[in-house]
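In our numbering, the protein residues as written are 32 to 827.
By construction, the Cβ of each residue, glycine as well, lies at the ideal position given by its N, Cα and C atoms.
In what follows, a single structure is set out as structure tokens and then discussed.
This is the structure we're talking about:
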């Protein structure tokens, strides 16, 4: 029976009036977009699960209570992981690593490659293992500083030409200028890793004769610490041992005097990524978008199948006359659905492969990473649900056709079913398109927002790897260009955030609060950035050693909790860790600048900030270039000037605006995904609306003719159809737009600045979509309304 049903289904593919092409195409498009979005959700939920014993690996967190305020940080001091390994029972292994470089590396033949490099200790691969393809990982990670060994990933090795690369040399000019020797090649870290790197060096390379912070127990908390627990050990059971470790190595009394409570916690590594608020918001929004797409496609398929019931009534009745039962009829419809779904899945796969580059750019993951065994099993289950929904409901309706339909003029229009299915599609359309408007406006706000400084004509270039004399020459030569209005130097771009240091007052042991340390800037920095000075003055320039500091408005507001600065901040002295030697060297506030945004709108560092001055270019590795007008020609002129002075490396002059916009790439991808999903949903819904209107016109053609003979105008005939559609569409759009408003408010929780979610915005979206729906109905009905009624009655 199954084989016979499939043969009948195959023959029915080419039958006229079944709209099989539209059914398969619309279902394929909806499935293609919906399934890749579901695969993306699976991808986001699978981070770090590829490690062996992933359920026993934890990331260390630093918990600091200062002035009654709890702060949690994802990094710890260098000695903490070592102490966990050596002194805490239940810990099988522990390691620490830190980001050390992200930029260009050059081979001996001057080929350039983008590299993300970490420094790690000798236990790194014991906790976070990667298969070794060449060389010895332990030899590299235990090598002394003088050996300068580095391990690289297979992906980077392939870019370098593959083969035996052990012994080859690499140079990272913007890091230290030292040559590193390749000592091994490891398997590339998968895309679903929270720690993705291309190269590893030994942590010993961070040690210098003047400073070694790799074993600090307090301060220099730049390290990511990971521990692997013994089987059956719960992290909560380690609390007492961890506290005892702290008492042994940290001066609890000194911390108490400073007003600080320090402790550590453990977070399961496989939950680190998907527990991030921004990841949670994105995944459930993508899941909603995927559901809306698949649901709309399935509802449209069912709508088209039910619409064909009118033309297939006699066919079904004849089958029953020859002994077909209800189960036989349902089986026949299920076979057709199975064949259509199979063809739709194949077409969806072809569409995904055809638009592979777009899909991978949109979802920021390769297809091989998206479609894993786990995700394919889930997608198979979803397709099974689609099959049941798309097959059982129409099958039940077809099975209820009476045998008498074969012998008399029986009409089955199922109008209410069709309107219900259409209304569900309109809910999805209202939801996605309204949400798209909010996301597009928020993205536009992000890339055009005022961060507190002017960056329209700013560019910057890294001078790392150049000595002080050459840096001075670079500054002078670029400053002489007629296209350039000002130059300065700085330590770090503001949109990258900032490191932290702590504030003390002279003769006061209390640690007051943590600040965002912007470190040193050069001559004319505030003027070039157009950052307003609201109190005092800017730095005294061209001094060899400055004890001046500038603070933000937020800093002054914060200090009101600890000191009486009613007479102003200028002239007050501060002790700032890392800058004040042994916390005995105070800095004097010379001015207060207006708050500027550090980081991005969706990841803003809201701590108070400080600036220091230095005329030594070695302390300010970035050259800031302000043009009169930012043009491609001006950028090229600046790059050529710098390239002439730096012939051994490829100079990159970065557009500040472009780099800021790149920080919002995830929001842009999400906007594009919603836009594509909304357009697909709208098209599918309009296809369903077109089919419904056409069926209604055919069913009521005689009624239209009689109304026209009795004096009905074309407009009255058109309103006859539009009235039913509008009555159904209005509540559906209201519900969809209302749901979009609620979801948009949840999505905006991650942004410090938000666009308005006023009710009239969603009302306008609903009116626009209602107008589109009415226009489609009008265009479809227009021809029937103008038709000669005599022809319609004659056909009857």
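Residue 410 places its beta carbon less than 7 Å from that of residue 66. Here the stretch 490-503 makes contact with the stretch 675-686; the two share three or more CB pairs at distances below 8 Å.
Here residue 772 is not bridged, per DSSP, to any residue. With respect to the C-alpha of residue 179, the residue from 154, 230 and 243 having the closest C-alpha is 230. With 16 or more other Cβ atoms from the protein chains shown falling within 10 Å of its own Cβ, residue 796 counts as buried. In this structure, the straight-line span from the alpha carbon of residue 748 to that of residue 735 is close to 7 Å.
When secondary structure is reduced to three states using DSSP, residue 623 falls in the strand class.
Under DSSP, residue 654 shares a beta bridge with 492 and 520. Restricting attention to 363, 161, 71 and 807, the CA atom closest to the CA of residue 228 is found in 161. Listed in chain order, the non-local C-beta contacts of residue 64 below 7 Å within the same chain comprise 324, 707, 708 and 711, local neighbours out to five positions each way being set aside. In the three-state DSSP reduction, residue 456 falls in the helix class (H, G or I). By the neighbour-count criterion, in which 16 or more other beta carbons inside 10 Å mark a residue as buried, residue 565 falls on the exposed side. Annotation: residue 398 to residue 461 spans about 30 Å, alpha carbon to alpha carbon. A direct Cα-to-Cα measurement between residue 690 and residue 653 gives close to 14 Å. Close CB contacts of residue 666 within its chain, under the 6 Å cut and outside five residues either way in sequence, are with 684 (chain order). Partner residues in the beta bridge of residue 552, as assigned by DSSP, are 521 and 644. Between residue 617 and residue 537, the gap from beta carbon to beta carbon is short of 7 Å. Annotated three-state conformation of residue 214 is strand, per DSSP. Bounds of any beta strand (DSSP E) do not take in residue 497, whose DSSP letter is neither H nor E.
Residue 481 holds the alpha-carbon nearest to the alpha-carbon of residue 627 among 674, 481 and 518. With a 10 Å radius around the Cβ and a threshold of 16 neighbouring Cβ atoms, residue 464 comes out buried. The continuous beta strand (DSSP E) containing residue 93 extends over residues 88-97.
Within its own chain, the residues whose Cβ lies closer than 6 Å to the Cβ of residue 146, once the five positions on either side in sequence are excluded, are 136, 229 and 230, listed in chain order. Nearest in C-alpha terms to residue 130, of all of 114, 144, 148 and 122, is 148. In terms of Cβ geometry, residue 458 and residue 692 do not form a close pair [threshold 7 Å]. Beta bridge pairing from DSSP links residue 127 with 256. Annotated as distal: residue 169 and residue 216, with beta-carbon spacing of 7 Å or more. A Cβ-Cβ distance of about 33 Å is found for the pair residue 313 and residue 586, leaving them out of contact under the 8 Å criterion. Check the Cα spacing between residue 781 and each of 581, 414, 688 and 311: the tightest is with 311. Between the stretch 251-269 and the stretch 78-89, the count of Cβ pairs shorter than 8 Å is three or higher; the stretches touch. Under a 10 Å Cβ-count criterion, residue 574 is classified as exposed, with fewer than 16 other Cβ atoms of the shown protein chains found around its own Cβ. Boundaries of the beta strand (DSSP E) around residue 567: 564-567.
For the pair of segments examined, the stretch 365-381 was found to touch the stretch 402-419: the number of CB pairs separated by less than 8 Å reaches three.
In this structure, 257 is the residue among 541, 257, 221 and 731 with its C-alpha nearest to the C-alpha of residue 157.
Distance from the CA atom of residue 73 to the CA atom of residue 611, rounded to whole angstroms, is 49 Å. In this structure, 194 is the residue among 503, 673, 526 and 194 with its C-alpha nearest to the C-alpha of residue 213.
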